[in-house]
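As structure tokens, the structure follows; a few thoughts come after it.
Residue numbers (UniProt numbering), protein chains in the order written: chain A, 1 to 473; chain B, 1 to 473.
Structure below.
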């Protein structure tokens, strides 16, 4: 089946320890963590160095075999899963876990692609610094995956996405050459900034092997509040009030619909409602500061007082103690899992301008409810970035298949609304294979043409993660 | 001389009001503000709309004529100046000055390329917001130029460069098509992020006509200090102390050598030395905050107290009142002009990792002094970004020509040292024509090859600002 030369070439590249061809051992690399996508592969290779990565890419190129890079395999769009041909090679970065350098004075850390996000956070903390990227899968997702999907999460509001946190890259190009762009500089205007080609490209233009990332001063105080609001408009107004007053101290501003919270209250261990009455929406606000005694509780209370004065907030509590802070975050972070208990769900990850959120939510909710009465709309997300996870659960009384059959139609309604507000149908999850085709209906044709041109320029034979982001050829 | 069809085509594109062919009126567009670079042109065209820009690009393409985009013409590397062939067309964006939209809720502003930076700052302030890009020429430089050179300045430490401040772009491609990427989204992962191709490309890949820029909450308190330190190492140590304590409040951290300050004291109107004794280096520190009463003076004093405890600071004063703040900034901002009174000077704009600054300064100063005893080293810059303006003035007793003849050798010494520390030989000024050739000696060959590939992909006929960034062909 496979080219007879391939195993030999791969063995030469990574040695026996780095080559997996036993189907039982390959299993974990061939489907994503949710089992939503699965494929087969000629081999899984696990290099330990950039030179080995380059050797693998050259070997596959000689054989005309496609390479599928894989990090922590925590993606949601099938971007790291091979196709079903059995011809592709999965290149896992999971043995490239070296912290190459930490420079607390320059506030940079240089890490290999297979380093787990949490390990970077911990290495930064050990130097009295902060690496601010934070997302649900931080215990298993890797820096290479974070870079390739331009990961977001809860810290984007203050610190930006992975792209914003990156100063330099090392990349193995589709032709097997190594580009060393590992510069730790905050200003460098000596030509085109090549690193941005590879960040967010999901391994289709080259394979990221290492990066220089920005560090920030460690946070020494924090305050957290849970606020009930009556509408998405009130949530946006609250955001404006808190941001104008607190500025950069505002490091998280998360919104949840009542439906989202209801699911967590029903299925989350120990979750409880904080207020006597039911509200339409809830917001989790977090302030943080480098000062050890920044009096953030008082500042947050001042912002909330202004919100009450302006009839923006319905109820609010500033968390006292780390247990309550953890409980509030558990309400927010438990939504995705709690939704699984309520039958099949459809998940969308969209951005619109923050100012358009109220109209977007109103229009989209209305259209969805008209299309499927009883549909449960589980809207939550990073409202400070305009980013909503607009998830849908089936009506209580409908059967699963009816709902599943409507999936495409319902997704189209969410995407059409997003698009009509100038939004993005993939805020932080990427395109992978799941949104590769639908994006063509929402993105400008000229932009798609430019994307294809770049792909053909860098990977003329289409061997780097084919069929992800753009259709294979 | 010029293709006979060109004037007619340009007239059709922009009308009589937008076409300048009278040599007297063209003058101001044909050389830079310092008169360091000058050229000639077949015409200067001044479109008022993106459609007109596209029509000009198509007209020039039909005639095989190169287009040189120009904004406020405040660049330092000749990037906006035509060559001497008389065949090129200068496309000035100076009539594209519309503020298309301000959205204080989304914290974005959409402006055309010809809008002056200061006008954007003022429009943001009118909405209670901050547009943080700030540089010496802000009263005349334009957003298009800021984007095309990825401008920096004094606010980069906290807010990033122009690239970091940009959410969306509108670009006329070299083939005359218009790419509308004017999205005001903080998260969008739907394929390759094309805007980064055009930012910092100095108009060689396409012509930026408009942009969506990020706004921030307005600053309501500020504190400024002037600190004397004994060495570059002490300045870096002071940076670490202030940044760890004050975090995001630290919005400027500027270093100046005694030589720099001496020049301002000698030539600046009303400039005076603040301390009784002479120190080797000075630092200007600025904190700012969104809170109206943020007690920043006290915080700055606490940071300075720690610096004194650790023998990092030699002397310090926290400015009281806006007049003293202005006087301190005048000391910093007067350096460039004051240096002009001291005979010919050589100006360099480099970045190294912040942690390398002390060794870089020591090594480079020593080499320069060995090469030319008596050379006056006017080092100053944005030490928080690792960015030094490493300027040189001739020895008092040497003649101008001797110094000028050494220019290339001295620049090489600065660049070689920069390169040996993993630095950049152009931090914020770009390459233009002045550093187009020398960069080939300092940049990885593979990177230069990728840059040329991108240029050929987007501009195969080489008609967009040829000879800037990369050699013309």
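Don't be surprised by glycine CBs; every beta carbon is placed ideally from N, CA and C. Small disclaimer: the values here were computed from a predicted structure and weren't measured.
key: In chain order, each beta strand (DSSP E) run of at least 3 residues that lies wholly inside the segment 132-195 of chain B   = Whole beta strand (DSSP E) segments, 3+ residues: 166-172 and 178-181.
inquiry  = Could you check whether the Cβ of residue 397 (chain A) sits closer than 7 Å to any Cβ belonging to chain B?
reply    = For residue 397 (chain A), the answer is no, since every Cβ of chain B falls outside 7 Å of its Cβ.
query = Which value, in whole angstroms, describes the spacing of the CA atoms of residue 454 (chain A) and residue 324 (chain B)?
reply = Going by the C-alpha atoms only, they are around 53 Å apart.
request  = Could you tell me if residue 236 (chain B) is buried or exposed, where buried requires 16 or more neighbouring beta carbons within 10 angstroms of its beta carbon?
outcome  = Result: buried.
task = Identify the continuous beta strand (DSSP E) that holds residue 214 (chain B) and give its terminal residues.
result = 207-214 is the extent of the beta strand (DSSP E) around residue 214 (chain B).
query = Which bits of chain A does residue 492 (chain B) rub up against, with CB to CB less than 9 Å?
reply = Outside the displayed range of chain B (1 to 473) lies residue 492 (chain B), so it cannot be described from this structure.
request  = Check the Cβ of residue 179 (chain A) against every Cβ in chain B and list those closer than 9 Å, keeping chain order.
outcome  = Contact note: residue 179 (chain A) reaches chain B through 444, 446, 447 and 450, using a C-beta cutoff of 9 Å and chain order.
C-beta neighbour in chain B for residue 472 (chain A), strict 7 Å = False, the Cβ-Cβ gap to chain B never drops below 7 Å.
query = Using DSSP with H/G/I as helix, E/B as strand and the rest coil, what is residue 310 (chain A)?
reply = Looking at residue 310 (chain A) - three-state DSSP - the assignment turns out to be coil, as it is neither helix nor strand.
inquiry  = Judging by CA-CA distance, which residue of B:134, B:5 and B:67 is the nearest neighbour of residue 54 (chain B)?
reply    = For the residues B:134, B:5 and B:67, the minimum Cα distance to residue 54 (chain B) belongs to B:67.
ask   = To the nearest angstrom, how far is it from the Cα of residue 2 (chain A) to the Cα of residue 130 (chain A)?
value = The predicted position of residue 2 (chain A) is uncertain, since its pLDDT is 48 and thus under 50; a value taken from the coordinates is nonetheless stated next. Taking the straight line joining both Cα atoms gives about 46 Å.
ask   = From which residue to which residue does the beta strand (DSSP E) around residue 226 (chain A) run?
value = Secondary structure note for residue 226 (chain A): its beta strand (DSSP E) is the uninterrupted segment 221-229.
ask   = Among A:386, A:320, A:292 and A:290, which has the Cα closest to the Cα of residue 301 (chain A)?
value = Ranked by Cα distance from residue 301 (chain A), the options A:386, A:320, A:292 and A:290 are led by A:320.
inquiry  = Are the CB atoms of residue 217 (chain B) and residue 244 (chain A) within a distance shorter than 7 Å?
reply    = Cβ atoms of residue 244 (chain A) and residue 217 (chain B): closer than 7 Å.
ask   = Under 7 Å, do residue 167 (chain B) and residue 212 (chain B) count as touching if we go by C-beta distance?
value = The answer is yes: Cβ separation under 7 Å.
message = Quick check: what's the CA-CA separation for residue 137 (chain A) versus residue 276 (chain A)?
response = Looking at the backbone, the Cα of residue 137 (chain A) and that of residue 276 (chain A) are separated by about 33 Å.
ask   = Got a sec? Which residues, its chain only, sit under 8 Å from residue 368 (chain A) by beta carbon, not counting five neighbours each side?
value = Excluding positions up to five away in sequence, the list reads 375, 377, 392, 410, 413 and 414.
Cross-chain neighbours of residue 427 (chain B) in chain A, by beta carbon under 7 Å = Below the 7 Å Cβ cutoff, chain A contributes 187, 188 and 189 as neighbours of residue 427 (chain B), in chain order.
message = Please list, in chain order, the chain B residues whose beta carbon lies closer than 8 Å to that of residue 389 (chain A).
response = Ordered by position in chain B, no residue passes the 8 Å Cβ test against residue 389 (chain A), which lies about 12 Å from the chain.
ask   = What three-state label does DSSP hand residue 2 (chain A) in the structure shown?
value = Because the pLDDT of residue 2 (chain A) is 48, which lies under 50, any placement of that residue in the model is unreliable, and the question is left without a value.
query = Measuring CB to CB, does residue 186 (chain A) end up less than 7 Å from residue 386 (chain B)?
reply = Going by C-beta atoms, residue 186 (chain A) is nearer than 7 Å to residue 386 (chain B).
request  = Assuming residue 202 (chain B) contacts residue 432 (chain B) (C-beta within less than 8 Å), just tell me the rounded distance between them.
outcome  = Contact flag correct, Cβ pair sits at about 6 Å.
key: Sequence-distant residues of the same chain with beta carbon closer than 7 Å to residue 274 (chain A), five excluded per side   = For residue 274 (chain A), where only same-chain residues beyond five positions count, the Cβ hits under 7 Å are 226 and 317.
query = If you run the structure through DSSP and keep just helix, strand and coil, what is residue 336 (chain B)?
reply = Residue 336 (chain B) falls in the helix class under three-state DSSP.
inquiry  = Please return the same chain residues whose Cβ sits closer than 6 Å to the Cβ of residue 222 (chain B), not counting the five positions on each side in sequence.
reply    = Excluding residues within five positions, the ones whose Cβ falls inside 6 Å are 288.
key: Bounding residues of the beta strand (DSSP E) (the contiguous stretch that carries residue 284 (chain B))   = Run containing residue 284 (chain B): 281-289, per the beta strand (DSSP E) assignment.
Exposed unless 16 or more other CB atoms sit within 10 angstroms - verdict on residue 82 (chain A) = It is buried - the Cβ of residue 82 (chain A) has at least 16 other Cβ atoms within 10 Å.
task = Could you work out which residue in B:296, B:70 and B:58 is closest to residue 249 (chain B) when comparing CA atoms only?
result = Of all alpha-carbon atoms in B:296, B:70 and B:58, the one lying nearest the alpha-carbon of residue 249 (chain B) is that of B:296.
message = List, in chain order, every chain A residue whose beta-carbon is nearer than 8 Å to that of residue 90 (chain B).
response = Residues of chain A passing the Cβ test: none, with the nearest at roughly 22 Å.
ask   = Is any beta-carbon of chain A found at less than 7 Å from that of residue 279 (chain B)?
value = Output row for residue 279 (chain B): interface = no.
key: Rounded C-alpha distance that separates residue 178 (chain B) from residue 396 (chain A)   = Each residue's CA atom was taken as its position, placing residue 178 (chain B) and residue 396 (chain A) some 48 Å apart.
ask   = Got a sec: is the Cβ-Cβ distance from residue 292 (chain A) to anything in chain B below 7 Å?
value = No, its Cβ sits nowhere closer than 7 Å to a Cβ of chain B.
task = Give me the Cα-Cα distance between residue 342 (chain B) and residue 399 (chain B), rounded to the nearest whole angstrom.
result = When rounded, the separation of the alpha-carbon atoms in residue 342 (chain B) and residue 399 (chain B) is 12 Å.
inquiry  = Could you tell me which whole alpha helix (DSSP H) segments of length 4 or greater appear in the segment 77-134 of chain B?
reply    = Complete alpha helix (DSSP H) runs here, min 4: 117-126.
key: Residues from the segment 223-250 of chain B in contact with chain A, defined by Cβ distance under 7 Å   = Listed by position, the residues of the segment 223-250 of chain B near chain A (Cβ gap below 7 Å) are 236, 240, 243, 244, 245, 246, 247 and 248.
ask   = Roughly how many angstroms separate the alpha carbons of residue 405 (chain A) and residue 379 (chain A), rounded to a whole number?
value = Answer to the nearest angstrom: the Cα atoms are 21 Å apart.
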